[in-house]
Amino acid sequence: MEKSVIDLKGVSIGYGPDAPPVLVEVDLSVERGSFVAIVGPSGVGKSTLLRVVAGLHKARGGTVTIHETNKPGHRPVSLVFQDARLLPWRRVAKNVRFGLEGLPIGTAERDERVAAALRLVRLDDYGRRWPYELSGGQRQRVGIARALAVDPDILLMDEPFGALDAITRHSLQDELRRIHRETGKTILFVTHDLEEAVHLADRIIVLGGSPARIVRDVRNDPGRDGGVFREQVEQLRSGIADNYSI
Amino acid sequence: MEKSVIDLKGVSIGYGPDAPPVLVEVDLSVERGSFVAIVGPSGVGKSTLLRVVAGLHKARGGTVTIHETNKPGHRPVSLVFQDARLLPWRRVAKNVRFGLEGLPIGTAERDERVAAALRLVRLDDYGRRWPYELSGGQRQRVGIARALAVDPDILLMDEPFGALDAITRHSLQDELRRIHRETGKTILFVTHDLEEAVHLADRIIVLGGSPARIVRDVRNDPGRDGGVFREQVEQLRSGIADNYSI
Amino acid sequence: PGLARAADPVRLEVGYIPILAAAPLFILDGEGWAREAGIELKLTKFESGPHAIQAMAAGKIDAMYAGVAPVLVARAKGADISVIANSAVEEMVVAGRGQFAKALGGKATPESFAKFVADNGRKVKIGTQPPGSVPDTVLRHWLFKVVKVDPATVDIISMGIDKTQQALLAGALDAATIREPTVTVTKQMDPNVSLLATGAEMFPNQPGTIIAVRGEVIKQHGDALTKLLKAHVRAVELIAKDPARAAKVANEYLGKGLMDAATLEAAFRSPGSKFVADPHGVVPAVENMMAYTKEIGSAEGIIPVAEAFDFRFYDAAVAK
Amino acid sequence: MRQPLKLHTSVALSALGVAVFLLAWEALARSGVVPSGLLPSPSAVPAAFVAEVRAGTWQTMVLASLSHYLSGLFLGTVLGIAFGTAAAMWGVWDAAQAWVVRMLRPIPSIAWIPFAIIWFGVSEAAATFLIALTVFWINYYATYAAVRGVDKDLIELGYAFGQGGLVPRLFKIVLPGALPGILSGVRAGLGQGWMTVVAAELFGIAGLGSRMSDASGLLATHIVVLYMVTIAALYGVCDFLFMQVQQRVLAWQK
Amino acid sequence: MRQPLKLHTSVALSALGVAVFLLAWEALARSGVVPSGLLPSPSAVPAAFVAEVRAGTWQTMVLASLSHYLSGLFLGTVLGIAFGTAAAMWGVWDAAQAWVVRMLRPIPSIAWIPFAIIWFGVSEAAATFLIALTVFWINYYATYAAVRGVDKDLIELGYAFGQGGLVPRLFKIVLPGALPGILSGVRAGLGQGWMTVVAAELFGIAGLGSRMSDASGLLATHIVVLYMVTIAALYGVCDFLFMQVQQRVLAWQK
Ligand SMILES: Nc1ncnc2c1ncn2[C@@H]1O[C@H](COP(=O)(O)OP(=O)(O)OP(=O)(O)O)[C@@H](O)[C@H]1O
Ligand SMILES: Nc1ncnc2c1ncn2[C@@H]1O[C@H](COP(=O)(O)OP(=O)(O)OP(=O)(O)O)[C@@H](O)[C@H]1O
Ligand SMILES: [Mg+2]
Ligand SMILES: [Mg+2]
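Chains as they are written, first to last, in my numbering: chain H, 5 to 250; chain P, 5 to 250; chain E, 3 to 322; chain A, 14 to 267; chain V, 14 to 267.
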């Protein structure tokens, strides 16, 4: 049995002290190196859950444990935000560099990693642009590059390919699978696209209900095609539909 | 033959006076009541094209003609932005009301139309929230509601369902088809999802190349399923792949 | 080598307000008389007496040429300051302009005030400094004791010294208390301005600018003060004897480039300038003024005057 | 990043801050650096206050200054916001006024006094004018920067929904978008206005400022301090109320 | 929304604006509405300028004031930004200082003069102090508002990428994000500093301001106007250069 790197126990999450909770009774234990997709209706709490795992939002109750490993030159956790969230006062390359600053690596390696990340998202020539000079999809790709550049142990991705056309999306999906295979990162991947979830993840978590909880938690064998794939997608779809609210 | 409502002739578009153009030689004539999907790789110029049609960006060359009809109580054109672009200082309902202000309609009708639009995007209970209190998908839906509330003649939509889960997305797709059928609006619909394009549009335009131009312009019979559908999608995919650059 | 060096000069920081009454200071510095007496002066300009006093109370300056009133107040509040000599008296004069000056025709009477009010439908506006200050006190003395006008016919407006002149020239005031050299300058600029009353008419021996010194300095540099006063007396004499020369020197300090020496000379010669070094006569004048201040209610207590004066240095300076 | 404090914690902290400040002042006053008569301690204030209120001076002066202050503040704020917005929105107007503004901006209130006297005489209006002037500049610059900084995407949104005309653009996009910056200018003007009350009343217009400068001319420092504290109290209340209103108005900021 | 003007258009417009202004002034001065002694016409300035430069006064005064101005501006700006940022970031500190600030804020420069004299004597430092003080307040408030208005999402971003520590958060997120607002405050302070030069030199420190007040006391209004124009020119250059720098620094704004 692999050791788990993310452990949520009886977690409930909400905004503001008086508002009703968004998520309740979340028990989730993620093994090192697994690729977990999180799906669920809009507004159910997927982004919120990710923010709690990233330590950006405090859970109201329950315990959140992240077993970080500290390799020098890497960040334990990084996050692709649903909105690209670029720093408007930094050019693209500097935005990608953001997470690398403060890591104990030389300038040459830093620049190399920035260039490699930009290459990966096919924005090699865009390093000197301001964020406002990018298209929506380009902006999102800069956000992906920024998260990948720090080579994290745990990679949290909030609908990272949401604004990308099919081809760019597929090529990035393939890259992501390659990275996952080669580096053994733990990946939490929020998506609204069930095909994408089934194509990529080895475990799929469905959030649903109001307040939301984990309504399904299924193992999946990624990368398959045809009948089994369809079946899995359809099963998930009905799983979501059953618990569809909001 | 129906009269065309949007006429672009030899249009070229760019940002800044010195930068190379983004789109060149765009000839596009859209008939009244048609549902046109625009697809193409990320950064090709889809949003830019929509902004030119909406009159928000000036073409560098060529002629842009929009035949607006002025029905009282309606706006001739409205736009769903790729980013939701809500006014942060207005609550959700007031954001939806934004386009209705200045139209010669009574308060009661205005409120009714706001409520109906919010109902349509399933955000009935969210009218009194601030934009920052919404999830990404909810924000996008407010943008859709705002564009629909003004009941425009020409509806321009820039990846309106990009951040929505499958179920919400399908229900909104159905709503959009119904609205199109019932009101005869002209719809320009940018999407990165070929299935969506084939499912919804009666005409599909593929942008590609660098600088981009219209590389394919195909008629489509929306709402079909199965083999023909697949075929159409695959054909488009290869059309895009052939002209994939950027 | 072997030549004995002269004793180190005594350094004195002297504050002043840029008015004509400080002219002796400019002369004794400009002519080099202070240096000859072994005193190294550093002159510091202040915009108003109170600021100078505060600086002196904080030990930042040693002596100053300033109005007598704030010195007395500061003493009463515990500042260790004494008056050692006088510089000028009867500085403040009343100047009028326009309609009002014409209406008075050179002679102020209660009737002419009343007539002006009747003709113009408003009170006579006279600008001066705040209640309790010397200008205000002597103005009131002139109005109500000397001319005996009806208080209902005048409106006394208190403002800063600069502002008084500007308001007078702008026509916002009918009359104002001003002093040299601005009396001369104002008359040159606006021929409608005329003198309504001299300082002596307003309040006989009207106290003016004195020299005040910090107690510490009196203890340590008594000799130097005597020498300084000798130079001061000499400067006062020069003004009387040779106003042209005095004007030339003072102009370097007072009006450098702002005024020509001729104007300054005219100011020295005007009835508004009366330089007197002897402090003895000032005491009764101040006491009279204090009494009047009390009478009109703009001051609460009587501040002991005589003990604020230290005549030793003046007496030593003029002895021999 | 910053947790809002509990109300009673923040009140306690404020009280502590003020107490420390007053003690430091009292200590300085008693230290004898300067004769205590010339630098009064805060403990001298109550007696002075009672005396001035008995004489009726305090009330008169407060009312007079409040009226100069409020009308000057109002005028300066409204005009400053109006001119700042206009300059930020119209390039032609901006260019035409840029250097004239640069010439007028650094002129101190004191230099304006003669003009105030000429235009308004020795009257309340002159004091109002001088206060309005300083307040004007602060609001002008704050508004200019705030309006220039409004998100261009939102202005585009306005055009897309038929709110691109001058009036709707201005009132529905530009001004709300610039509001945080504008309000920060208004708040700075609130204080600057009081700072100017004294200068504005230097030339014979009755009020706190003239009373203060009269008193300071006569070295009646306990009176000076009383009126300084009065101004501080009046300003404190204005500023506190303004902050409350601002918090409401900007509730849409996260 | 606003098209940038061509350079020569904007220069022409500025020149036109200044010309209209000067003509209006000249006309006003000659009309006799204003006593000529109080408002000399701009055409009187060149002669006065030559005379003052010959005497060497002009150069001395300009240098003296520039040194007060620059050091006061620097101090006031740096401290204002520092304190404003601190107050905006730490609730505890904010609460503790809030009412002390409210007490100190409205105190006019004139009332600070005695303290300046006591602390610094009649020295350049006292003038610097007074200028720094006004500049401080403006920057304090502008920075406070700007820092409070920084997008919380970006701060969250900082935490997500290991830049949540005080120093990186401050220098990589908060200050750059608040920069437009901070710079608008700095710009306002630029002008306020010159406005205060006169008040700061009222008590015997040589410089443009003291020369102006001397001249005004002797009713040498042509000299007053010369120095007003000098200040305007100095400020104009400062402000113009600042705007150029600002445009560079804020190039990331659309
Ligand atoms: N303000 C700008 N200045 C300069 N270039 C810009 C600007 N906005 C967009 N671009 C460039 O124009 C091109 C087209 O952008 P556009 O937003 O139209 O792409 P798109 O097709 O909508 O892409 P996406 O699917 O990623 O949203 C992109 O390469 C982008 O980098
Ligand atoms: N700052 C906030 N204050 C109050 N409620 C909030 C806030 N942010 C989010 N919410 C609410 O919390 C719920 C969950 O939001 P979250 O962003 O996690 O949804 P999501 O699953 O990511 O949805 P989407 O797929 O649309 O992005 C939503 O109903 C949303 O309205
Ligand atoms: Mg989300
Ligand atoms: Mg786009």
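C-beta: ideal position from N, C-alpha, C; glycine also. Computed from a prediction, not measured in an experiment: that's the story for all the values here.
For Thr-141(A), the secondary structure class from DSSP, reduced to helix, strand or coil, is helix. In this structure Ser-33(H) is exposed. Its beta-carbon is surrounded by fewer than 16 other beta-carbon atoms within 10 angstroms. Not a single CB atom of chain V sits nearer than 9 Å to the CB of His-223(E). The C-alpha of Phe-87(A) is placed about 37 Å away from the C-alpha of Gly-98(E). Distances taken from the Cβ of Gln-86(H) to the heavy atoms of ligand 3 include one shorter than 8 Å. Not a single C-beta of chain H is nearer than 9 Å to the C-beta of Gln-239(P). Scanning Val-95(E), Val-96(E), Lys-117(E) for the CA closest to the CA of Ala-105(E) turns up Lys-117(E). If you check each beta-carbon in the stretch 49–64 of chain P against every beta-carbon of chain A, the ones closer than 9 Å belong to Arg-55, Ala-58, Gly-59, Leu-60, His-61.
Beyond the five residues adjoining it in sequence on each side, Ala-24(E) comes within less than 6 Å, by CB distance, of Tyr-18, Tyr-67 in the same chain, given in chain order. For Met-94(E), the secondary structure class from DSSP, reduced to helix, strand or coil, is coil.
Taking 7 Å as the Cβ-Cβ cut-off, the stretch 68–89 of chain E approaches chain A at Pro-72, Val-75, Ala-76, Lys-79, Gly-80, Ala-81, given in chain order. Taking a Cβ-Cβ threshold of 8 Å, the residues of chain A close to Ser-82(P) are Ala-173, Phe-174, in chain order. Checking the DSSP bridge columns, you'll see Asn-88(E) partnered with Ile-212(E).
Gly-89(V) has its alpha-carbon roughly 55 Å from the corresponding atom of Glu-116(P). Going by DSSP, Arg-150(H) is part of the alpha helix (DSSP H) stretching over 140–153. Within chain V, the residues Gly-162 have their CB atoms less than 7 Å from the CB of Gln-266(A), given in chain order. Glu-163(H) is classed as buried because its beta carbon has at least 16 other beta carbons within 10 Å across all chains shown. The Cβ neighbour count for Pro-53(V), taken over all protein chains shown within 10 Å, is at least 16; the residue is labelled buried. Within 8 Å of the C-beta of Val-118(P) there is not a single heavy atom belonging to ligand 4. Within the stretch 179–203 of chain H, the residues whose Cβ lies closer than 8 Å to some Cβ of chain P are His-196, Asp-197, Leu-198, listed in chain order. Assignment of Val-66(V) by DSSP, reduced to helix, strand and coil, places it in the helix class.
The beta carbon of Leu-167(V) falls within 9 Å of a beta carbon belonging to chain H, placing the residue at that interface. Note on Arg-115(V): 16 or more other CB atoms within 10 angstroms of its CB, so buried under the neighbour-count rule. For Glu-163(H), no alpha helix (DSSP H) segment is defined, and its DSSP state is neither H nor E. From the beta-carbon of Pro-92(P), the residues of chain A found nearer than 7 Å are Trp-265. In the same chain as Ser-78(V), and ignoring 5 residues on each side of it, the C-beta atoms closer than 6 Å to its own belong to Val-210, Gly-220, Leu-221, in chain order.
Taken from the Cβ of Asp-197(H), every heavy atom of ligand 2 lies 8 Å or farther away. Met-74(V) sits in a helix when the DSSP states are folded into three classes. In the DSSP assignment, the residues bridged to Gly-212(H) are Arg-217(H). Take Ile-168(V), set aside five residues on each side of it, and the residues of its chain with a beta-carbon closer than 6 Å to its own are Ile-186, in chain order. With a cutoff of 8 Å, Gly-140(H) counts as near ligand 4, since its C-beta is closer than that to a heavy atom of the ligand.
Assignment of Ile-186(V) by DSSP, reduced to helix, strand and coil, places it in the helix class.
Listed by position along chain V, the residues whose Cβ is nearer than 8 Å to that of Met-225(A) are Ala-124.
Here the C-alpha atom of Leu-183(V) lies approximately 38 Å from the C-alpha atom of Gly-134(V). Only residues of its own chain outside the window of five on either side were considered, and among them Ala-97, Gly-98, Arg-99, Ala-103, Gly-108, Lys-189 have a CB closer than 8 Å to the CB of Ser-196(E), listed in chain order.
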